[in-house]
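Residue numbers (this note's numbering), protein chains in the order written: chain A, -5 to 255; chain B, 12 to 346.
Even glycine gets a Cβ: it sits at the ideal position worked out from N, Cα and C.
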Amino acid sequence: MNEIALQAGTLWLREITRFMRQRSRVIGSFLQPLVFWLLLGAGLRASFKPAGMPAGMDYFEYLYPGFIVLVLLFTAIFATISTVEDRREGFLQGVLVAPISRPTIVIGQALGGATLAWVPSVIFLVLAPFAGIHLGLGAALAAALMMAVIAFALTCIGLAIAWKIESTQGFHAIMNLILVPIWLLSGAFWPIAGAPAVLQWIMRLNPLTYGMAALRQTLYLGETQALGGLPSLAFAIVIAVAFAIATFALAARTAKRATAF
Amino acid sequence: MTASTAIPAQARATNESAEPAVTASGLRFRYGQRTAIDGVSFTIGRGEFFGLLGPNGGGKTTLFKIISTLVPPQEGDARILGCDLRRDTLALRRRIGVVFQHPSVDGKLTVGENLAHHGRLYGLGGARLRERADKIVERLGLSERAGDLAETLSGGLKRRVELATALLHNPELLVLDEPSTGLDPAARRDFLNYLAHLRETAGVTIVLTTHYMEEAERCDRIGVLHQGRLVAIAPPAELKARVGGDIVAINSRDPETLRRKIAERMRVNAALVDGVLRVERPRGHDFVRDVVDAFGDEIESVAFGKPTLEDVFVHLTGHRFFAGAAGARDDGDAQ
């Protein structure tokens, strides 16, 4: 147990150290979603009011938690891309011949990637007042916790893909094909309630919808809020946590298969 | 498994250390349709300096991957340091040090950080880790660079860091994949000297893959790999002795005709390898005189020399070592 913690811990630390030494990555992961949010939100707030959005909320505010998840998604994914090259001609070669089990490797990588994704998204929380959300301490803590769960799940998805494929080009293709739609269909852009029936079903089957819903509700913790078609907080948390565990199992299994031992 | 549990741990340990460092039997590995390793069996003794020699694509990197526990063989078995490669993989990994062809040190980390991460992967921590890291850094002459980012080091120093990480956990077996690729001749000599020193002082078994003849000459024994098979396994001197005496290489505008004429008139069989006629003769200088006397007009140049390991390779396989590269006797600067 002690040794597993030491091994996973050192892989976690490596991710953090590397990240801090690449300034452009630090800034980019935070700035890109911020710019998107400002542009989209500012452009659409006047004219766009999707059906099913709670009364008294404007679109800028509605988009805000969606872009927190986008920060998580971008950073988590970029943190895992390196796995592809790293295991063939980099640091991971040495990890693979060390006395460390494949799930332990994935734990270290997932915690590392999740931390990298989580920190800028927490900074994003500071912007809540600009979205018109008055964030209490309790709500902020609950939201931060929820973000950690989402960050872990998204990093594990990234890892499962990265351990499976052979090239980083492939990674980008899969990301655009799978991960961005998962985000779009999570309730980040429009409420479930207002969507056409078919789309509603797809959104209900999307596991990220529940993480999204839980985060949305934690931001208004302590206020009376209209659910607007969202699943209840407790149910959303259960599904989000289960999703994180499932994605970890998937990533660990993929890593084990990819390295055959 | 059942038999070994009955033996007391003490006896088992001595049994283990009496076993060869590597015993491989019938190893096979395929990438899709392409067979990389095609039924390879060999034994490497404890404390041996063993080289796997072969051209690129000969299968030596695949064999390296199997011995270093990076991939399991698809067929066949191997016992390494008394451990079963498939069943005791984790235990075995603690006792092997691996140096990869592509760098495995992280350029964005300092030398010291690389060593620390590596040590923790092997369960080393705290004071013990610091002590070992300090010692290995000093032994490899890296003390002054320990705080530098690995990416700022020269090729030779980077290699030394690779070696430092591989030695940090005191392995009994060191496996290296083309360790001197990308090193200049001086750095390569240094590196080989250190490996030899390591074997002498610590009794570490060393297995390396190489396509440098100079490197292979330093080994106790060489396994020559060609198209996934081991075509010979012996000390370098013995391999060279297998070539019949001296080597005469003849360049001609029409080598095929000359080959026929030499066979007819001198009763000597010359091999045509990549457009060059090759003759192995006990008294090469006599043959040079005779052949120039007889066919002087048809000969463009004649080279004469003692057999090198490249000649051994040609002798064993009928192929040039660096297929397609004219005059590719390698003196170590091919890359």
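Give me whichever residues DSSP pairs with residue i in a beta bridge.
{"i": "S312 of chain B", "result": "B:N262"}
{"i": "R292 of chain B", "result": "B:D257"}
{"i": "S347 of chain B", "result": "Any property of residue 347 of chain B remains undetermined from this structure, which presents chain B solely from 12 to 346."}
{"i": "R56 of chain A", "result": "For clarity, residue 56 of chain A is Tyr in the given sequence; the question names Arg instead. According to DSSP, which records beta bridges pairwise, Y56 of chain A is partnered with nothing at all."}
{"i": "D188 of chain B", "result": "B:T220"}
{"i": "Y42 of chain B", "result": "B:R45"}
{"i": "I55 of chain B", "result": "B:V33"}
{"i": "F61 of chain B", "result": "B:V218, B:R232"}
{"i": "A282 of chain B", "result": "B:R289"}
{"i": "D95 of chain B", "result": "B:R90"}
{"i": "A243 of chain B", "result": "B:V235"}
Judging by CA-CA distance, which residue of the options is the nearest neighbour of residue i?
{"i": "I55 of chain B", "options": "B:V299, B:G316, B:I244", "result": "B:I244"}
{"i": "S76 of chain A", "options": "A:G60, A:T98, A:A104", "result": "A:A104"}
{"i": "L168 of chain B", "options": "B:V284, B:V122, B:A89, B:C94", "result": "B:V122"}
{"i": "L135 of chain B", "options": "A:T4, A:T248, A:I172", "result": "A:T4"}
{"i": "L92 of chain B", "options": "B:I78, B:Q85, B:E86, B:V82", "result": "B:I78"}
{"i": "G68 of chain B", "options": "B:R240, B:T163, B:R264, B:V299", "result": "B:R240"}
{"i": "I258 of chain B", "options": "B:D297, B:E226, B:R271", "result": "B:D297"}
{"i": "P266 of chain B", "options": "B:S312, B:A227, B:T328, B:R229", "result": "B:S312"}
{"i": "E275 of chain B", "options": "B:R300, B:A305, B:V299", "result": "B:A305"}
{"i": "A92 of chain A", "options": "A:V20, A:K158, A:L0", "result": "A:L0"}
{"i": "F54 of chain A", "options": "A:L66, A:A2, A:R39", "result": "A:R39"}
{"i": "V78 of chain A", "options": "A:E160, A:A243, A:V192", "result": "A:E160"}
{"i": "S52 of chain B", "options": "B:I147, B:V110, B:V242", "result": "B:V242"}
{"i": "M47 of chain A", "options": "A:I172, A:L224, A:T109", "result": "A:L224"}
{"i": "E59 of chain B", "options": "B:I147, B:C230, B:V279, B:D95", "result": "B:C230"}
{"i": "F242 of chain A", "options": "A:V65, A:R96, A:W184, A:Q194", "result": "A:R96"}
{"i": "E309 of chain B", "options": "B:L120, B:I261, B:G255", "result": "B:I261"}
{"i": "A282 of chain B", "options": "B:E228, B:T319, B:P246, B:H330", "result": "B:H330"}
{"i": "P247 of chain B", "options": "B:P31, B:F111, B:E321", "result": "B:E321"}
{"i": "Y56 of chain A", "options": "A:T69, A:F72, A:L34, A:A70", "result": "A:L34"}
{"i": "F75 of chain B", "options": "B:D95, B:V109, B:A102", "result": "B:V109"}
{"i": "R12 of chain A", "options": "B:T73, B:R292, B:K119", "result": "B:K119"}
{"i": "F146 of chain A", "options": "A:V20, A:V65, A:P44", "result": "A:V65"}
{"i": "L86 of chain A", "options": "A:R8, A:N170, A:M169, A:F165", "result": "A:R8"}
{"i": "I168 of chain A", "options": "A:I(-2), A:A240, A:I71, A:I117", "result": "A:I71"}
{"i": "S36 of chain B", "options": "B:F61, B:E291, B:L64, B:L96", "result": "B:L96"}
{"i": "G62 of chain B", "options": "B:D117, B:R171, B:V235, B:D145", "result": "B:V235"}
Would you check whether the ligand MG has a heavy atom nearer than 7 Å to the C-beta of residue i?
{"i": "A47 of chain B", "result": "As presented, the structure is devoid of all ligands, the ligand MG included, so that no description of it is given."}
### Task
May I have a chain-ordered list of the beta strand (DSSP E) segments no shorter than 3 residues that lie completely inside the stretch 5 to 51 of chain A?
Runs found: none.
### Message
Would the stretch 170 to 190 of chain B count as touching the stretch 202 to 220 of chain B if we require 3 or more Cβ pairs under 8 Å?
### Response
A contact exists between the stretch 170 to 190 of chain B and the stretch 202 to 220 of chain B.
#### Entry: Contacting positions in the stretch 72 to 91 of chain B - beta carbon closer than 7 Å to chain A
Taking a C-beta cut-off of 7 Å against chain A, the contacting residues of the stretch 72 to 91 of chain B are S79, T80, L81, V82, P83, listed in chain order.
### Task
Could you run through the stretch 96 to 117 of chain A and flag, in chain order, every residue whose CB is less than 7 Å away from some CB of chain B?
Across the stretch 96 to 117 of chain A, no CB contact with chain B closer than 7 Å is found for any residue.
### Task
Enumerate, from N- to C-terminal direction, the unbroken alpha helix (DSSP H) stretches of 4 or more residues contained entirely within the stretch 206 to 241 of chain B.
The stretch 206 to 241 of chain B contains these whole alpha helix (DSSP H) runs: 224 to 228.
#### Entry: 4-residue-minimum alpha helix (DSSP H) runs that sit fully inside the stretch 85 to 169 of chain A, ordered along the chain
Runs found: 85 to 90, 96 to 119, 122 to 125, 131 to 158, 162 to 168.
#### Entry: Interface residues of the stretch 81 to 96 of chain A facing chain B [CB-CB below 9 Å]
Taken in chain order, the members of the stretch 81 to 96 of chain A whose beta-carbon sits within less than 9 Å of a beta-carbon on chain B are R82, E83, G84, F85, L86, Q87, G88, V89, L90, V91, A92, P93, I94, S95.
### Query
Within the chosen definition, does the stretch 82 to 98 of chain B reach the stretch 152 to 166 of chain B through at least 3 CB pairs nearer than 8 Å?
They do not touch, by the three-pair rule.
### Task
Evaluate the contact criterion for the stretch 58 to 73 of chain A versus the stretch 202 to 210 of chain A: three or more CB pairs, one atom per stretch, below 8 Å.
With a cut-off of 8 Å, the stretch 202 to 210 of chain A and the stretch 58 to 73 of chain A count as touching, because enough Cβ pairs lie within range.
### Contact list for the stretch 61 to 72 of chain B against chain A, Cβ threshold 8 Å
Answer set for the stretch 61 to 72 of chain B: empty.
### Task
Tell me the start and end of each unbroken alpha helix (DSSP H) in the stretch 188 to 253 of chain A that is at least 4 residues and wholly inside, in chain order.
Listed in chain order, they are 191 to 199, 202 to 213, 227 to 253.
### Task
Evaluate the contact criterion for the stretch 112 to 131 of chain A versus the stretch 12 to 29 of chain A: three or more CB pairs, one atom per stretch, below 8 Å.
The stretch 112 to 131 of chain A, when compared against the stretch 12 to 29 of chain A, does touch it at the 8 Å Cβ threshold.
### Message
Residues of the stretch 162 to 178 of chain B in Cβ contact with chain A at a cutoff of 7 Å, in chain order, please.
### Response
Cβ contacts with chain A come from T176.
### Query
With a cut-off of 8 Å, do at least 3 Cβ pairs link the stretch 42 to 50 of chain B to the stretch 190 to 202 of chain B?
By the criterion of at least three beta-carbon pairs nearer than 8 Å, the stretch 42 to 50 of chain B is not in contact with the stretch 190 to 202 of chain B.
### Message
Under 8 Å: do the stretch 240 to 248 of chain A and the stretch 145 to 155 of chain A share three or more Cβ pairs, one atom per stretch?
### Response
Contact holds: three or more Cβ-Cβ distances are below 8 Å.
#### Entry: Residues in the stretch 202 to 235 of chain B having any Cβ partner in chain A nearer than 7 Å
The stretch 202 to 235 of chain B vs chain A, Cβ under 7 Å: nothing.
### Task
Determine which residues of the stretch 25 to 43 of chain A have a Cβ less than 8 Å from any Cβ of chain B, and write them out in chain order.
If the cut-off is 8 Å between Cβ atoms, the stretch 25 to 43 of chain A has nothing near chain B.
### Query
Which full runs of the alpha helix (DSSP H) of 4+ residues lie inside the stretch 95 to 176 of chain B, going along the chain?
Taking only runs of at least 4 residues, the alpha helix (DSSP H) segments lying wholly in the stretch 95 to 176 of chain B are 100 to 104, 122 to 132, 137 to 150.
### Task
Say whether the stretch 124 to 133 of chain B touches the stretch 169 to 182 of chain B, bearing in mind that this needs 3 or more beta-carbon pairs closer than 8 Å, one atom from each stretch.
With a cut-off of 8 Å on Cβ pairs, the stretch 124 to 133 of chain B is in contact with the stretch 169 to 182 of chain B, counting three or more such pairs.
#### Entry: Against chain A: residues of the stretch 131 to 161 of chain B by CB proximity under 7 Å
Using a CB distance below 7 Å, the part of the stretch 131 to 161 of chain B facing chain A consists of R131, L132, Y133, G134, G136, ordered along the chain.
### the stretch 245 to 257 of chain B in contact with the stretch 317 to 329 of chain B per 3-pair CB rule at 8 Å
Contact holds: three or more Cβ-Cβ distances are below 8 Å.
### Query
Given a limit of 8 Å on CB to CB distance, which residues of the stretch 7 to 21 of chain A reach chain B?
For the stretch 7 to 21 of chain A, the set of residues with a beta-carbon nearer than 8 Å to any beta-carbon of chain B comprises L7, R8, T11, R12, R15, Q16, in chain order.
### Task
May I ask you to verify whether the stretch 193 to 203 of chain A touches the stretch 171 to 182 of chain A, counting CB pairs closer than 8 Å and requiring at least 3?
Between the stretch 193 to 203 of chain A and the stretch 171 to 182 of chain A, the count of Cβ pairs shorter than 8 Å is three or higher; the stretches touch.
### Task
Name, going along the chain, the residues of the stretch 146 to 158 of chain A whose beta-carbon falls closer than 7 Å to a beta-carbon of chain B.
Under the 7 Å Cβ criterion, the stretch 146 to 158 of chain A contributes no residue.
### Query
Is the number of C-beta pairs between the stretch 113 to 128 of chain B and the stretch 98 to 112 of chain A that are closer than 8 Å three or more?
With the rule of 3 Cβ pairs closer than 8 Å, the stretch 113 to 128 of chain B does not count as touching the stretch 98 to 112 of chain A.
### Task
Report the residues of the stretch 101 to 120 of chain B with a CB closer than 8 Å to any CB of chain A, ordered along the chain.
Shown in chain order are the members of the stretch 101 to 120 of chain B whose Cβ falls below 8 Å from a Cβ of chain A: L101, A102, R104, R105, I107, V109, F111, H113, P114, S115, V116, D117, K119, L120.
### Query
In chain order, what residues of the stretch 264 to 281 of chain B put their CB closer than 8 Å to some CB of chain A?
Correct list: empty, as no residue qualifies.
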